[in-house]
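**Student:**
Protein chains: 4
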Amino acid sequence: MAVNWHMHRLRVRYQETDQMSVVYHANYANWFEIGRTEYIRDAGVPYRAFEDKGLLLPVTELVIKFEKPALYDDLVLICTRVAEMSPLRVAFESQVRRVLPEEAGGAETEATTTAGDPPGELLVRGATKHVWVNRDWKPHRLDRAAPELYERLQSLYNSSK
Amino acid sequence: MAVNWHMHRLRVRYQETDQMSVVYHANYANWFEIGRTEYIRDAGVPYRAFEDKGLLLPVTELVIKFEKPALYDDLVLICTRVAEMSPLRVAFESQVRRVLPEEAGGAETEATTTAGDPPGELLVRGATKHVWVNRDWKPHRLDRAAPELYERLQSLYNSSK
Amino acid sequence: MAVNWHMHRLRVRYQETDQMSVVYHANYANWFEIGRTEYIRDAGVPYRAFEDKGLLLPVTELVIKFEKPALYDDLVLICTRVAEMSPLRVAFESQVRRVLPEEAGGAETEATTTAGDPPGELLVRGATKHVWVNRDWKPHRLDRAAPELYERLQSLYNSSK
Amino acid sequence: MAVNWHMHRLRVRYQETDQMSVVYHANYANWFEIGRTEYIRDAGVPYRAFEDKGLLLPVTELVIKFEKPALYDDLVLICTRVAEMSPLRVAFESQVRRVLPEEAGGAETEATTTAGDPPGELLVRGATKHVWVNRDWKPHRLDRAAPELYERLQSLYNSSK
């Protein structure tokens, strides 16, 4: 049972290009993070709210497969979904897809999800793993530290299946 | 038969930190690339020479495992070695290790290699895969496009075992 | 006779923060550039079109005055207007203002302009100067290299007064 | 009576280039900051020591004049000197100069200063103004908050004239 993709649109910035005239590869890791942030914002939980509770969600593992490069001024969709979730850990899957303006859908900040394949041309796909930690960088169960946030994330995950 | 690590020293920049007070995770991908560049520079082949021949070496796959975060002003060693090499493809392994000034060895631009474990505290490790392409972004065998550069890389790889 | 401000909305990225828990100061230069790009896009001239004609518009001078820092996840308006324009040179003024979601207006890619003061709280203001150059980085008059683009920019500038 | 330039060497990173095949202009602001940091480190005061005392030194004003672009893999000298200093404020002047390996002098972390013009080709020059603030971002006199650090900075400034 597939989980729906959350989609967030970005325009490629000049600074993100390099002298190969493509997006410098490390920027996709940044875009994945933006995709995750917008995903949970649309669950009603700005990531800022976790940090206000003293919780951080560092990346413990990152995998990226580069198919085709994104170019300056491209419109890209950052597609995100939760692959796994426990009280202590979360894993996400991510895709970056190039879209035409007419495929790109609504505004950047509008939530859009799709149950099937997202539109556009697949450029990059990857995955990240994370662990909830407290300010001392020690693992910390989200369901104990912030039960209402945990619940909201959990129900987002369930409803998106 | 292990391949020697090439080591290049960096100091963590303020801009590389984020509000978690650690290095933003995408920067390690940039550091890995700097490590690869210095590795082949020390083989007598500045990466610029490949681009002058119309050859690019984009990343096709990136894996990073984050053990501990690097902090502002830390001295870190970027450790790099070739994991695999063919006329069309190269794969590297990378580590980022925190060192004290006395462990950090010589100047940033001096080549240093070690057959055993590099010094310092392991923070992050990872791997990248690459393919040689021409300006049209088509795969292009290095031994045909630039035989002398290929030979130098090959002998660096062999001699480091 | 004041020139209208063009406004473009951004959300502050995690990567743009530093360990002072504010936006790292160099990022405002990047935001100014994004503001300029969106300004001329809304004149019907994507900056990409200039580069396709072999024209570049490097920055020759940058001034930034920092009043208050932008914070992670803030919505900011990048406000841009042309201060001066000749066939060879352009000068822009820029502001970064923090807005609440309800002040932020339409979607990121919608053009909005205002004749008076833009909404929100002034964080940073500045100015840039530019010169049109060709691929050899030599000054090149825009009205000769791309008359129709020059005309469109010129009429944008005039109509905005 | 001119103040000596402090010089710190950098190599241009691939990520710092853009598709104009030059260094993206905002990076010079980052390099200026690295130059300032190394300048005061060589006065025996790592910037980290100020932050440990709860003091920050944000930029209040930045001016950059771009003469020629730095290119990928260039060796550049970041030249820094204190232009003005009071218990509450500091102003720096900065230059970025391209050097050949033989002009570049010692290792990146070695302090070098010059009373005359620094070597190499001038690419970019600029200036920054700063104010000492506490954790609440309120102006805070350095001589009261950290008299010994203030004294060391002051004597560095005096001795360099």
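Residue numbers (this note's numbering), protein chains in the order written: chain A, 1 to 161; chain B, 1001 to 1161; chain C, 2001 to 2161; chain D, 3001 to 3161.
A virtual CB, placed ideally from N, CA and C, is assigned to each residue, including glycine.
(1) Taking only beta-carbon atoms, is residue 1019 of chain B less than 9 Å away from chain D?
(2) Apart from the five residues on each side of it in sequence, which residues of its chain come closer than 6 Å, Cβ to Cβ, to residue 1141 of chain B?
(3) What residues from chain B crowd round residue 59 of chain A, counting only those whose CB sits closer than 7 Å?
(4) Please specify which runs of the beta strand (DSSP E), each continuous and at least 3 residues long, are wholly inside the stretch 3041 to 3087 of chain D, giving them in chain order.
(5) With a Cβ-Cβ cutoff of 9 Å, do residue 3155 of chain D and residue 19 of chain A count as a contact?
(6) Counting only the same chain and skipping the five closest in sequence on each side, list residues whose C-beta sits under 7 Å from that of residue 1103 of chain B.
(7) Could you say if the stretch 3005 to 3019 of chain D and the stretch 3044 to 3053 of chain D meet the contact criterion of at least three C-beta pairs nearer than 8 Å?
(8) Quick one: Cα of residue 2024 of chain C to Cα of residue 3059 of chain D, how far?
(9) Give the straight-line distance between the Cα atoms of residue 1138 of chain B and residue 153 of chain A, rounded to the nearest whole angstrom.
(10) Looking at chain C, is there any beta carbon in it that lies within less than 9 Å of the beta carbon of residue 3056 of chain D?
(11) So within the stretch 2105 to 2146 of chain C, which uninterrupted alpha helix (DSSP H) runs reach at least 4 residues, ignoring any that extend past its ends?
(12) Measuring alpha carbon to alpha carbon, tell me which of B:1123, B:1146, B:1096 and B:1067 ends up nearest residue 1178 of chain B.
(13) Would you kindly work out how many angstroms separate the C-alpha atoms of residue 3017 of chain D and residue 72 of chain A, rounded to a whole number?
(14) Is the shortest distance between the beta-carbon of residue 1076 of chain B and the beta-carbons of chain C less than 9 Å?
(15) How would you list, in chain order, the residues of chain C whose beta-carbon sits under 8 Å from the beta-carbon of residue 3134 of chain D?
(16) Under a Cβ-count criterion, where at least 16 other Cβ atoms within 10 Å of its own Cβ denotes burial, should residue 3030 of chain D be classed as buried or exposed?
(17) Find the residues of chain C that neighbour residue 1072 of chain B, judging by a C-beta separation of less than 7 Å, and give them in chain order.
(18) Can you grab the Cα-Cα spacing for the pair residue 1122 of chain B / residue 146 of chain A, in whole Å?
(19) Which residues in the same chain as residue 148 of chain A place their Cβ atom closer than 8 Å to its Cβ, once the five residues preceding and following it in sequence are excluded?
(20) So with Cβ pairs under 9 Å, would you call residue 97 of chain A a contact of chain C?
(21) Using the Cβ count rule (16 or more neighbours within 10 Å means buried), how would you classify residue 3159 of chain D?
(22) Return the CA-CA distance between residue 3163 of chain D and residue 3034 of chain D, expressed in angstroms with no decimal places.
(23) Please tell me whether residue 62 of chain A has its Cβ less than 9 Å away from any Cβ of chain B.
(24) Consider the Cβ of residue 1069 of chain B: report whether some Cβ of chain A lies at a distance smaller than 9 Å.
(25) To be precise: take each residue of the stretch 3127 to 3157 of chain D, compare its Cβ to all Cβ atoms of chain A, and keep it if any distance is under 7 Å. Which residues remain?
(26) Give the residues of chain B in contact with residue 30 of chain A, contact being defined as C-beta atoms less than 7 Å apart.
(27) Once the 5 residues before and after residue 4 of chain A are set aside, which same chain residues still bring their CB inside 7 Å of it?
(28) Hey, residue 3187 of chain D and residue 3070 of chain D are a contact pair by Cβ (cut 8 Å); roughly how many whole angstroms apart?
(29) Is there a Cβ of chain D sitting closer than 9 Å to that of residue 2016 of chain C, yes or no?
(30) Indicate whether at least one CB of chain D lies closer than 9 Å to the CB of residue 1033 of chain B.
(31) Our contact map puts residue 66 of chain A next to residue 1084 of chain B with C-beta atoms below 8 Å; I'd like the distance itself, whole angstroms only.
(32) Can you tell me whether residue 135 of chain A is buried or exposed? The criterion is at least 16 other CB atoms within 10 Å of its CB, across all chains shown.
(33) Tell me whether residue 74 of chain A is buried or exposed, calling it buried when 16 or more other Cβ atoms sit within 10 Å of its Cβ.
(34) Thinking C-beta only, is residue 2068 of chain C closer than 9 Å to residue 2131 of chain C?
(35) Work out the CA separation of residue 3078 of chain D and residue 3006 of chain D for me, nearest whole Å.
**Tutor:** Taking the structure as given:
(1) Output row for residue 1019 of chain B: interface = no.
(2) Taking residue 1141 of chain B as the centre and dropping the five residues before and after it, the same chain places the C-beta of 1087 and 1088 closer than 6 Å to its C-beta, in chain order.
(3) 1025 and 1066
(4) 3059 to 3066 and 3075 to 3085
(5) It is not a contact, given that the beta carbons lie outside the stated cut-off.
(6) 1119 and 1120
(7) no
(8) 10 Å
(9) 43 Å
(10) yes
(11) 2142 to 2145
(12) No information on residue 1178 of chain B is available, as it lies outside the stretch 1001 to 1161 that chain B covers here.
(13) Cα to Cα, residue 3017 of chain D sits roughly 13 Å from residue 72 of chain A.
(14) Not an interface residue.
(15) Using a Cβ-Cβ cut-off of 8 Å, residue 3134 of chain D is close to nothing in chain C; its nearest Cβ partner there is about 12 Å away.
(16) Taking a 10 Å sphere around the C-beta of residue 3030 of chain D, we find 16 or more other C-beta atoms and assign the residue as buried.
(17) 2019
(18) 32 Å
(19) none
(20) no
(21) exposed
(22) Look at the range of chain D in this structure, 3001 to 3161, and you will see that residue 3163 of chain D is not part of it.
(23) yes
(24) yes
(25) Listed by position along the chain: nothing, the set is empty.
(26) Within chain B, the residues near residue 30 of chain A are 1026.
(27) 81, 113, 114, 115 and 160
(28) No information on residue 3187 of chain D is available, as it lies outside the stretch 3001 to 3161 that chain D covers here.
(29) For residue 2016 of chain C, no Cβ of chain D is located within less than 9 Å of the residue's own Cβ.
(30) yes
(31) About 17 Å separates the two Cβ atoms, so there is no contact after all.
(32) By the Cβ-count criterion, residue 135 of chain A is exposed, with fewer than 16 other Cβ atoms from all chains shown falling within 10 Å of its own Cβ.
(33) buried
(34) In terms of Cβ geometry, residue 2131 of chain C and residue 2068 of chain C do not form a close pair [threshold 9 Å].
(35) 8 Å
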